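*Asks:*
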Amino acid sequence: MYTGNQLRDMFLNFFASKGHRILPSASLIPKDDPTLLLTVAGMVPFKPYFMRKVEPPFPRATTSQKCVRTPDLEVVGKTARHHTFFEMLGNFSFGDYFKGEAIPWAWEFVTEVLKLPIDQLWITVHPEDEEAKNLWIEKTGVSPERIKYDPENLWAAGPVGPCGYCSEIYVDLGESRGCGKPDCALGCDCDRFLEIWNLVFMQYNRDEAGVLTPLPKQNIDTGMGLERIASVMQGAASNFDTDLFLPIINKVSELSGIPYHDNPKNDVAMKVVADHTRAVSFMLSDGIRPGSEGRGYVLRRILRRAIRYARLLGIDKPFLEQIFLIIQRDYSHHYPELKENENFILNHLRLEEKNFQATLEQGTQILQEKVKALQEAGETMLSGADAFYLYETYGFPVELTEEMLIEQGMSVDMEAFNAAAEEHRRLAKEQSQQMKAVQESAAISEKAKALGVTPFLGYHELAAHTKV
Ligand code: ATP
Ligand code: MG
Ligand code: MG
Ligand code: MG
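Residue numbers for the sequence shown follow the UniProt record's numbering, so the first one is 1 and each next one is one higher.
1. Under the rule that 16 or more other beta-carbon atoms within 10 Å means buried, what is F11, buried or exposed?
2. What are the start and end residues of the beta strand (DSSP E) that includes F86?
3. Between I307 and the rest of its own chain, which residues show a CB-CB distance below 8 Å, the 5 nearest in sequence each way excluded?
4. Confirm the yes/no value for this check: CB of A386, any heavy atom of ligand 2, distance under 7 Å.
5. Fully enclosed by the segment 171–245, which alpha helix (DSSP H) runs are 4 residues long or longer?
6. For N91, is the beta carbon positioned less than 7 Å from some heavy atom of ligand 4?
7. Answer yes or no: the CB of I196 versus the heavy atoms of ligand 1, is any distance below 7 Å?
8. Quick one: does the C-beta of M88 sit closer than 7 Å to a heavy atom of ligand 1?
9. What does the alpha-carbon distance come out to for the pair V298 and Y165?
10. Report the rounded CA-to-CA distance for H261 versus D243, giving the unit in angstroms.
11. DSSP on Q65, reduced to helix/strand/coil?
12. Just to confirm before moving on: does the CB-CB distance between V76 and D275 stay below 8 Å?
13. Mark H126 as exposed unless 16 or more other C-beta atoms lie within 10 angstroms of its C-beta, in which case mark it buried.
14. Taking the alpha carbon of M202 as the point to measure from, which residue in I196, L212, E195 has its own alpha carbon closest?
15. In angstroms, rounded to a whole number, what distance separates the CA positions of N250 and E293?
16. Does the contact criterion of 3 or more C-beta pairs under 8 Å hold for the segment 54–64 versus the segment 114–132?
17. Hey, quick one: how far does the beta strand (DSSP E) through K148 stretch, first residue to last?
18. Given this structure, state the Cα-to-Cα distance separating N5 from E430, to the nearest angstrom.
19. K217: which of Y204, E369, R228 sits nearest, CA to CA?
20. Taking contact to mean at least 3 C-beta pairs separated by less than 8 Å, is the segment 144–153 in contact with the segment 173–181?
21. Do you know whose CA, among P71, P397, G223, V68, lies nearest A61's CA?
22. Would you kindly report the start and end of the unbroken beta strand (DSSP E) that includes V75?
23. Buried or exposed for G363, going by 16 or more other Cβ atoms inside 10 Å?
24. Residues in the same chain with beta-carbon distance under 7 Å from E402, minus the five sequence neighbours each way, listed in chain order, please.
25. Do you know how far the Cα of L226 is from the Cα of M435?
26. I need the straight-line Cα distance from L284 to E175, nearest angstrom please.
27. Please name the residue or residues paired with V412 in a DSSP beta bridge.
28. Mapping DSSP to helix, strand and coil, what is T124?
29. Tell me the DSSP secondary structure of I406 in three-state form.
30. Please report the straight-line C-alpha distance between E422 and M414, rounded to a whole angstrom.
31. To which residues of the same chain is L121 closer than 8 Å at the C-beta, ignoring the five residues directly before and after it?
32. Please classify E254: is it buried, with 16 or more other beta-carbons within 10 angstroms of its beta-carbon, or exposed?
33. Helix, strand or coil for E152? Go by DSSP, reduced to three states.
34. Among M270, E208, K66, F14, which one has its Cα closest to the Cα of G158?
35. Taking its Cβ as the centre, do 16 or more other Cβ atoms sit within 10 Å of A420, making it buried, or is it exposed?
36. Given the structure, does E168 come close to ligand 4, in the sense that its CB is under 7 Å from one of the ligand's heavy atoms?
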């Protein structure tokens, strides 16, 4: 059986043998890229090469890239295949080879190196990409019945930037892994047909208006989830049951005293705690600081979610550090930043955990009083204003307020909560713009003073001084 570490090496070495340069993962913080908060795919660090904003120093590269995808947050632990943080294996061509090489190499890796059975594999192509379909048939010998059209096979890292048609490889894990619905087939959202690899034929740039224009050269960008391929190769029931995750899950189980695979609800919570703690560890190792906006807020949100789910398992003492140490032990060989930045990581984990525990205690107490008042008044809905007060004043997450009220057979007026949050954001933005203006004018007069010139104070003041 191949371990996750071996599979990562096998992928990188395979593409090195095809003339690719092995590069270390880039940071989770995208460099000079205002369109993205976090690195969401292996291609992100290479965008300037695809756009030819920077001349690529080599024509081919291969990486195992650290990625974070917050849109997948809610399904973590519920599906067998989604994480917030995961590793994406990829091979890249910067205006060098194109579909005619990318397709047969992917097939070679999957069927000859990994030796996955051909009769379990499925391919999707874009309906307008006959070229890709023909290449699959001609260059790999895959049966045409195994190639399906998918109109969604146009891939982009964000609303603007390089994009192109794509072609995906799926593994049929068998009926036992399906949802059991009579129409369950390739394309079903359940875990039976597992998407393992996406080959993107980077050919266009998409602008703000959604218009596609051809890139200066044709490129290749592929992405294969390491945890997914590990689950296939290890015959695991999910990504979480691979050697990449089990030691982390086992630690969660040990801390909670609850066995893994004992009941489905607890399993989801264990997977969430394991996944989120791993994400937070890697985000901190790249220097992201917990905060109230941007990527710092994403980090804080994931971290707090880990703590909430740990509480569902009965873990109410600090635990993040102990799980981090397992992650550090298992991953620092490939990601030395987990060792190098240990102090930074531990300091933030401890501090955030301590503060959030305090928040939880305080918030829970206030919430209990509110619930009591509602019960006495014969009401069942907490007002949006109350939920917002808890959120704004104590940092008590509204999802938690909701969960706790549901437990009491009650609910939260989410519409009113969202309206209050929106109004608050608007006011905060207005205030920060005013502040900025004040600071800028102060900076200008400071500078002017330093230069010994009389600052321009605006027409209003000028008029006052030059009364005629
Ligand atoms: P899915 O349809 O399963 O959500 P995707 O189509 O969104 O996956 P891509 O954007 O094509 O994924 O990313 C390339 C590869 O990265 C996928 O084929 C998969 O192996 C892996 N991957 C994508 N999202 C995740 C995730 N949240 N967790 C783990 N692996 C992922
Ligand atoms: Mg997805
Ligand atoms: Mg997909
Ligand atoms: Mg995909």
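Just so it is clear, CB atoms sit at the ideal spot from N, CA and C, and this is done for glycine as well. Note that the structure is a prediction, hence the values are computed from the model and not measured.
*Replies:* In short, the structure shows the following:
1. Translated into the one-based positions of the sequence shown, residue 11 becomes position 11. Residue environment for F11: buried (at least 16 other C-beta atoms within 10 angstroms of its C-beta).
2. What you label residue 86 is simply residue 86 of the sequence shown in a count that begins at 1. For F86, the enclosing beta strand (DSSP E) begins and ends at 85–93.
3. Your numbering for residue 307 matches position 307 in the sequence shown. Excluding its 5 nearest sequence neighbours in each direction, I307 has C-beta neighbours in its own chain below 8 Å: L320, E353, F356, Q357, L360, listed in chain order.
4. Locating residue 386 in the sequence shown gives position 386, counting from the first residue. Position check: residue 386 holds Asp in this sequence, whereas Ala was assumed. Answer for D386: no, Cβ out of range of ligand 2.
5. List check, alpha helix (DSSP H) in window: 226–233.
6. Residue numbering aside, residue 91 sits at position 91 when the sequence shown is read from its first letter. The answer is no for N91.
7. The count along the sequence shown starts at 1 and reaches residue 196 at position 196. Checking the Cβ of I196 against ligand 1 gives yes.
8. If you number the sequence shown from 1, residue 88 lands on position 88. Inclusion of M88 in the 7 Å shell around ligand 1 follows from its C-beta lying nearer than that to a non-hydrogen atom of the ligand.
9. For this step, residue 298 is matched to residue 298 along the sequence shown. For this step, residue 165 is matched to residue 165 along the sequence shown. Each residue's CA atom was taken as its position, placing V298 and Y165 some 30 Å apart.
10. The residue you call residue 261 lines up with position 261 of the sequence shown. The residue you call residue 243 lines up with position 243 of the sequence shown. H261 and D243: Cα-Cα distance of roughly 16 Å.
11. Stepping through the sequence shown from its first residue, residue 65 is reached at position 65. Under the three-state reduction of DSSP output, Q65 falls in the strand class.
12. By 1-based counting over the sequence shown, the position of residue 76 is 76. By 1-based counting over the sequence shown, the position of residue 275 is 275. Taking 8 Å as the Cβ cut-off, V76 and D275 qualify as a contacting pair.
13. On the sequence shown, position 126 is the one that residue 126 refers to. Under this definition H126 is a buried residue.
14. Reading the sequence shown from its first residue, position 202 is the one you call residue 202. Considering only I196, L212, E195, the residue with the shortest C-alpha distance to M202 is L212.
15. Position 250 of the sequence shown holds residue 250. Position 293 of the sequence shown holds residue 293. Between N250 and E293, the C-alpha separation is close to 33 Å.
16. Taking 8 Å as the limit for Cβ pairs, the verdict is that the segment 114–132 does not touch the segment 54–64.
17. In the sequence shown, the residue the question calls residue 148 occupies position 148. Taken as a continuous stretch (DSSP letters only), the beta strand (DSSP E) holding K148 covers 147–149.
18. Within the sequence shown, residue 5 is the residue found at index 5, counting from 1. Within the sequence shown, residue 430 is the residue found at index 430, counting from 1. Going from the Cα of N5 to the Cα of E430 covers about 49 Å.
19. Position 217 of the sequence shown, counting from 1, holds the residue named residue 217. Checking every option, the nearest Cα to that of K217 belongs to Y204.
20. Counting Cβ pairs under 8 Å, fewer than three are found: no touch.
21. As a working note, residue 61 is residue 61 in the sequence shown. Of the candidates P71, P397, G223, V68, the one whose C-alpha sits nearest the C-alpha of A61 is G223.
22. On the sequence shown, position 75 is the one that residue 75 refers to. It is not in any beta strand (DSSP E) - V75 carries neither H nor E in the DSSP assignment.
23. Start at 1 with the first residue of the sequence shown, and residue 363 comes out as number 363. Sixteen is the threshold: when 16 or more other Cβ atoms of the shown chains lie within 10 Å of the Cβ of G363, as they do, the residue is buried.
24. Against the sequence shown, residue 402 aligns to sequence position 402. Hits under 7 Å: V412.
25. Along the sequence shown, read from residue 1 onward, the residue named residue 435 stands at position 435. Along the sequence shown, read from residue 1 onward, the residue named residue 226 stands at position 226. In a straight line, the C-alpha of M435 is about 46 Å away from that of L226.
26. The residue you call residue 284 lines up with position 284 of the sequence shown. The residue you call residue 175 lines up with position 175 of the sequence shown. About 40 Å.
27. Counted from its first residue, the sequence shown places residue 412 at position 412. Note: V412 sits in a beta bridge opposite L382.
28. Counting from one through the sequence shown, the residue named residue 124 turns up at place 124. Strand.
29. Against the sequence shown, residue 406 aligns to sequence position 406. Note: I406 maps to helix in three-state DSSP.
30. By one-based count along the sequence shown, residue 422 stands at place 422. By one-based count along the sequence shown, residue 414 stands at place 414. Straight across, the Cα-Cα distance linking E422 with M414 is about 12 Å.
31. Your numbering for residue 121 matches position 121 in the sequence shown. Same-chain partners within the cutoff: V110, T111, V142, R146, I169, Y170, V171, D172.
32. For this step, residue 254 is matched to residue 254 along the sequence shown. Exposed.
33. In the sequence shown, residue 152 corresponds to position 152, counting from 1. Note: E152 maps to coil in three-state DSSP.
34. Position 158 of the sequence shown holds residue 158. Ranking M270, E208, K66, F14 by CA distance to the CA of G158 puts E208 first.
35. Along the sequence shown, one-based indexing puts residue 420 at 420. Counting every other CB atom within 10 Å of its CB across the protein chains shown gives A420 a total of 16 or more, marking it as buried.
36. What you label residue 168 is simply residue 168 of the sequence shown in a count that begins at 1. Yes, Cβ of E168 sits closer than 7 Å to a heavy atom of ligand 4.
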